[in-house]
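The opening residue of the sequence shown carries number 1 in the UniProt record's numbering; numbering runs sequentially from there. By construction, the Cβ of each residue, glycine as well, lies at the ideal position given by its N, Cα and C atoms. Keep in mind the model is a prediction, meaning the values are calculated, not measured.
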Amino acid sequence: MDLNLRNKVAVVTGGGRGIGRGIVEALAAEGAVVAILERDNIDRAAQLASAIGNAAAFRADVTQPGDVQAAAEAIKGRLGPVDILVNNAGVLSRKPILEDSYEDWDRVLKTNLYGCYNCSRAFAPGMVERRFGRIINTSSIHGRVAKAGMGSYCASKAAIDMFTKQLAVELAPHGVTVNAVAPGTISTEINLPLYKSTKPEDVALQQATLKRVPVGRIGEPEDIGRAVAFLASGMTPYVTGAILYVDGGYVAEGTPRL
(Lines of atoms letter the chains of each structure in order from A; the text may use other names.)
(Lines give C-alpha, C1' and ligand atoms only; values in the text may rest on other atoms or scores of the structure.)
Protein backbone atom coordinates (compact mmCIF):
# COMPACT_ATOMS: atom_id res chain seq x y z
CA MET A 1 0.00 0.00 0.00
CA ASP A 2 1.40 3.38 -1.04
CA LEU A 3 1.21 5.90 1.81
CA ASN A 4 2.00 8.81 -0.52
CA LEU A 5 5.04 9.86 1.50
CA ARG A 6 7.59 9.83 -1.30
CA ASN A 7 9.72 13.02 -1.22
CA LYS A 8 7.72 14.47 1.67
CA VAL A 9 10.04 16.25 4.13
CA ALA A 10 9.63 15.00 7.70
CA VAL A 11 11.22 16.20 10.94
CA VAL A 12 11.57 13.72 13.81
CA THR A 13 12.77 15.10 17.15
CA GLY A 14 14.68 12.66 19.33
CA GLY A 15 15.09 10.49 16.25
CA GLY A 16 18.53 9.06 16.97
CA ARG A 17 17.51 6.00 18.97
CA GLY A 18 14.66 3.98 20.43
CA ILE A 19 11.15 4.90 19.35
CA GLY A 20 12.48 7.89 17.42
CA ARG A 21 14.73 5.66 15.35
CA GLY A 22 11.81 3.36 14.58
CA ILE A 23 9.83 6.37 13.36
CA VAL A 24 12.71 7.66 11.22
CA GLU A 25 13.20 4.25 9.60
CA ALA A 26 9.48 3.80 8.90
CA LEU A 27 9.12 7.21 7.25
CA ALA A 28 12.31 6.79 5.22
CA ALA A 29 11.17 3.34 4.06
CA GLU A 30 8.07 5.00 2.60
CA GLY A 31 10.23 7.45 0.65
CA ALA A 32 10.11 10.47 2.94
CA VAL A 33 13.19 12.67 3.33
CA VAL A 34 13.82 12.76 7.07
CA ALA A 35 15.49 15.43 9.21
CA ILE A 36 16.62 13.84 12.47
CA LEU A 37 16.64 16.46 15.21
CA GLU A 38 18.83 15.62 18.22
CA ARG A 39 20.39 17.40 21.16
CA ASP A 40 22.75 14.84 22.73
CA ASN A 41 22.88 11.94 20.25
CA ILE A 42 23.92 13.91 17.18
CA ASP A 43 26.73 11.49 16.21
CA ARG A 44 24.37 8.54 16.36
CA ALA A 45 21.77 10.53 14.42
CA ALA A 46 24.35 11.33 11.74
CA GLN A 47 25.29 7.65 11.45
CA LEU A 48 21.62 6.72 11.10
CA ALA A 49 21.09 9.40 8.45
CA SER A 50 24.11 8.13 6.51
CA ALA A 51 22.89 4.54 6.67
CA ILE A 52 19.39 5.47 5.48
CA GLY A 53 20.51 7.80 2.71
CA ASN A 54 17.41 9.97 2.38
CA ALA A 55 17.97 11.64 5.77
CA ALA A 56 20.09 14.28 7.49
CA ALA A 57 20.93 15.04 11.12
CA PHE A 58 20.51 18.44 12.78
CA ARG A 59 21.36 19.53 16.31
CA ALA A 60 18.81 21.41 18.42
CA ASP A 61 17.55 21.55 22.00
CA VAL A 62 13.74 21.42 21.77
CA THR A 63 13.42 23.25 25.09
CA GLN A 64 15.01 26.34 23.52
CA PRO A 65 12.77 28.20 21.02
CA GLY A 66 15.77 29.91 19.40
CA ASP A 67 17.49 26.57 18.83
CA VAL A 68 14.38 25.12 17.23
CA GLN A 69 13.83 28.13 14.98
CA ALA A 70 17.45 28.02 13.79
CA ALA A 71 17.10 24.30 13.05
CA ALA A 72 13.85 24.93 11.16
CA GLU A 73 15.59 27.44 8.91
CA ALA A 74 18.55 25.08 8.36
CA ILE A 75 16.24 22.18 7.48
CA LYS A 76 14.23 24.29 5.04
CA GLY A 77 17.42 25.53 3.40
CA ARG A 78 18.87 22.04 2.98
CA LEU A 79 15.83 19.79 2.46
CA GLY A 80 12.99 22.14 1.55
CA PRO A 81 9.67 23.02 3.22
CA VAL A 82 8.62 20.63 5.99
CA ASP A 83 5.45 18.59 5.43
CA ILE A 84 5.53 16.35 8.51
CA LEU A 85 6.58 17.07 12.10
CA VAL A 86 6.93 14.27 14.64
CA ASN A 87 7.38 15.63 18.17
CA ASN A 88 9.03 12.60 19.72
CA ALA A 89 11.80 13.97 21.99
CA GLY A 90 11.13 13.07 25.60
CA VAL A 91 12.69 12.38 28.98
CA LEU A 92 11.59 10.56 32.12
CA SER A 93 12.11 11.05 35.86
CA ARG A 94 11.39 8.02 38.05
CA LYS A 95 10.66 9.66 41.39
CA PRO A 96 7.55 10.03 43.56
CA ILE A 97 6.13 13.55 43.34
CA LEU A 98 7.08 14.35 46.94
CA GLU A 99 10.69 13.39 46.22
CA ASP A 100 10.95 14.91 42.74
CA SER A 101 13.02 18.07 42.61
CA TYR A 102 11.75 21.21 40.94
CA GLU A 103 14.65 20.91 38.49
CA ASP A 104 13.64 17.37 37.44
CA TRP A 105 9.96 18.31 37.14
CA ASP A 106 10.90 21.36 35.08
CA ARG A 107 13.22 19.32 32.84
CA VAL A 108 10.54 16.75 32.04
CA LEU A 109 7.80 19.31 31.35
CA LYS A 110 10.09 21.52 29.26
CA THR A 111 11.34 18.64 27.13
CA ASN A 112 8.13 16.67 26.69
CA LEU A 113 5.45 19.38 26.60
CA TYR A 114 7.24 22.62 25.77
CA GLY A 115 9.27 20.75 23.17
CA CYS A 116 6.03 19.94 21.33
CA TYR A 117 4.94 23.55 21.62
CA ASN A 118 8.26 25.03 20.48
CA CYS A 119 8.55 22.77 17.45
CA SER A 120 4.92 23.20 16.46
CA ARG A 121 5.31 26.98 16.64
CA ALA A 122 8.39 26.77 14.41
CA PHE A 123 7.09 24.39 11.73
CA ALA A 124 3.29 24.82 11.65
CA PRO A 125 3.25 28.31 10.04
CA GLY A 126 4.84 26.93 6.87
CA MET A 127 2.27 24.13 6.78
CA VAL A 128 -0.56 26.62 7.20
CA GLU A 129 0.87 28.74 4.40
CA ARG A 130 0.99 25.74 2.04
CA ARG A 131 -2.35 24.39 3.35
CA PHE A 132 -0.91 20.97 4.03
CA GLY A 133 0.79 19.42 7.03
CA ARG A 134 0.92 16.50 9.41
CA ILE A 135 1.91 16.91 13.06
CA ILE A 136 2.22 13.77 15.18
CA ASN A 137 3.06 13.98 18.89
CA THR A 138 4.45 11.07 20.90
CA SER A 139 2.28 10.71 23.98
CA SER A 140 2.04 7.58 26.16
CA ILE A 141 -0.43 5.23 27.78
CA HIS A 142 0.63 7.10 30.91
CA GLY A 143 -1.12 10.19 29.65
CA ARG A 144 -4.24 8.22 30.59
CA VAL A 145 -3.09 5.63 33.13
CA ALA A 146 -1.24 6.85 36.23
CA LYS A 147 2.02 5.18 37.21
CA ALA A 148 3.51 5.51 40.69
CA GLY A 149 6.89 7.24 40.67
CA MET A 150 6.37 8.86 37.27
CA GLY A 151 4.31 11.93 38.16
CA SER A 152 6.07 14.49 35.98
CA TYR A 153 6.11 12.13 33.00
CA CYS A 154 2.42 11.23 33.33
CA ALA A 155 1.45 14.89 33.73
CA SER A 156 3.47 15.89 30.66
CA LYS A 157 1.90 13.18 28.51
CA ALA A 158 -1.64 14.01 29.64
CA ALA A 159 -0.92 17.63 28.71
CA ILE A 160 0.37 16.51 25.30
CA ASP A 161 -2.95 14.73 24.67
CA MET A 162 -4.91 17.95 25.21
CA PHE A 163 -2.34 20.04 23.33
CA THR A 164 -2.81 17.64 20.40
CA LYS A 165 -6.58 18.09 20.43
CA GLN A 166 -6.39 21.86 20.83
CA LEU A 167 -3.88 22.30 18.00
CA ALA A 168 -5.92 19.94 15.81
CA VAL A 169 -9.00 22.13 16.21
CA GLU A 170 -7.06 25.32 15.47
CA LEU A 171 -5.19 24.02 12.41
CA ALA A 172 -7.96 21.93 10.82
CA PRO A 173 -9.28 24.82 8.67
CA HIS A 174 -5.78 25.19 7.19
CA GLY A 175 -5.32 21.64 5.90
CA VAL A 176 -3.07 20.55 8.78
CA THR A 177 -3.89 17.47 10.85
CA VAL A 178 -2.58 16.94 14.38
CA ASN A 179 -2.64 13.54 16.07
CA ALA A 180 -0.73 11.62 18.72
CA VAL A 181 0.54 8.09 19.15
CA ALA A 182 0.48 6.71 22.69
CA PRO A 183 2.95 3.83 23.04
CA GLY A 184 2.70 1.17 25.68
CA THR A 185 5.78 -0.67 26.93
CA ILE A 186 8.30 -0.66 24.08
CA SER A 187 11.56 -2.56 23.66
CA THR A 188 14.07 0.28 23.78
CA GLU A 189 17.53 0.72 25.29
CA ILE A 190 15.91 1.88 28.53
CA ASN A 191 13.70 -1.21 28.89
CA LEU A 192 15.82 -3.97 27.34
CA PRO A 193 18.04 -4.61 30.40
CA LEU A 194 14.92 -5.33 32.45
CA TYR A 195 13.45 -7.73 29.90
CA LYS A 196 16.74 -9.61 29.49
CA SER A 197 17.34 -9.86 33.23
CA THR A 198 16.99 -13.20 35.03
CA LYS A 199 16.84 -11.68 38.53
CA PRO A 200 13.74 -12.99 40.34
CA GLU A 201 12.41 -9.50 41.05
CA ASP A 202 12.89 -8.47 37.41
CA VAL A 203 11.28 -11.66 36.11
CA ALA A 204 8.28 -10.98 38.36
CA LEU A 205 7.99 -7.47 36.91
CA GLN A 206 8.29 -8.84 33.36
CA GLN A 207 5.47 -11.29 34.00
CA ALA A 208 3.28 -8.65 35.65
CA THR A 209 3.79 -6.29 32.72
CA LEU A 210 3.02 -8.91 30.07
CA LYS A 211 -0.10 -9.93 31.97
CA ARG A 212 -1.40 -6.41 31.36
CA VAL A 213 -0.88 -6.66 27.58
CA PRO A 214 -3.57 -8.73 25.80
CA VAL A 215 -1.38 -9.47 22.75
CA GLY A 216 1.17 -11.07 25.09
CA ARG A 217 4.32 -9.16 24.16
CA ILE A 218 5.92 -5.77 24.57
CA GLY A 219 6.04 -3.49 21.55
CA GLU A 220 8.91 -2.76 19.19
CA PRO A 221 9.99 0.67 17.89
CA GLU A 222 8.79 -0.31 14.42
CA ASP A 223 5.26 -0.76 15.81
CA ILE A 224 5.26 2.94 16.64
CA GLY A 225 6.99 3.82 13.38
CA ARG A 226 4.28 2.16 11.30
CA ALA A 227 1.53 3.96 13.24
CA VAL A 228 3.25 7.32 12.72
CA ALA A 229 3.72 6.64 9.01
CA PHE A 230 0.00 5.95 8.70
CA LEU A 231 -0.94 9.20 10.47
CA ALA A 232 1.60 11.11 8.39
CA SER A 233 0.30 9.71 5.13
CA GLY A 234 -2.00 11.13 2.50
CA MET A 235 -4.57 8.51 3.52
CA THR A 236 -5.60 10.29 6.72
CA PRO A 237 -6.89 13.79 5.83
CA TYR A 238 -10.04 13.21 7.91
CA VAL A 239 -8.15 11.94 10.98
CA THR A 240 -7.24 14.76 13.35
CA GLY A 241 -7.29 15.26 17.11
CA ALA A 242 -6.92 11.50 17.65
CA ILE A 243 -4.84 9.73 20.29
CA LEU A 244 -3.81 6.38 18.79
CA TYR A 245 -2.90 3.84 21.47
CA VAL A 246 -0.18 1.51 20.22
CA ASP A 247 -0.08 -0.67 23.30
CA GLY A 248 -1.17 -4.21 22.48
CA GLY A 249 -4.56 -3.58 24.07
CA TYR A 250 -3.25 -2.38 27.46
CA VAL A 251 -5.56 0.63 27.79
CA ALA A 252 -8.55 -1.14 26.23
CA GLU A 253 -8.49 -3.91 28.82
CA GLY A 254 -8.26 -1.50 31.72
CA THR A 255 -7.81 -3.65 34.82
CA PRO A 256 -5.09 -6.31 35.22
CA ARG A 257 -5.93 -9.93 34.45
CA LEU A 258 -5.44 -12.37 37.31
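Query, Result
"Backbone secondary structure at Ala-155 - three-state DSSP", "helix"
"Buried/exposed call for Glu-189, threshold 16 Cβ in 10 Å", "exposed"
"Nearest candidate by alpha-carbon position, reference Thr-81, set Gly-115, Asp-161 and Arg-130", "For the record, residue 81 in the displayed sequence is Pro; it is not Thr. Residue Arg-130 is the option with its Cα nearest to Pro-81."
"Per DSSP, cross-strand counterpart(s) of Arg-21", "DSSP, once it has assigned bridges, lists no residue as partnering Arg-21."
"7 Å Cβ shell around Gly-16 - same chain, five flanking residues per side excluded", "Ile-36, Glu-38, Asn-41, Arg-44, Ala-45 and Leu-48"
"Three-way DSSP call (helix, strand, coil) for Phe-58 in this model", "strand"
"Straight-line gap, Asn-88 to Tyr-102 (C-alpha atoms, nearest Å)", "23 Å"
"Uninterrupted beta strand (DSSP E) stretches inside the region 62–93 (no shorter than 3 residues)", "84–87"
"Cβ-based burial, Asn-112 [other Cβ within 10 Å; buried from 16]", "buried"
"Unbroken stretches of the alpha helix (DSSP H), 4 residues or longer, contained in the region 163–215", "192–196 and 200–211"
"Whole-number beta carbon distance between Val-213 and Gly-249, since they are thought to touch under 8 Å", "7 Å"
"Beta-carbon proximity list for Gly-241, same chain, < 6 Å, skipping 5 on both sides", "Lys-165 and Ala-168"
"Supposed contact pair Gly-18 and Pro-221 - C-beta distance, whole angstroms, cut 8 Å", "6 Å"
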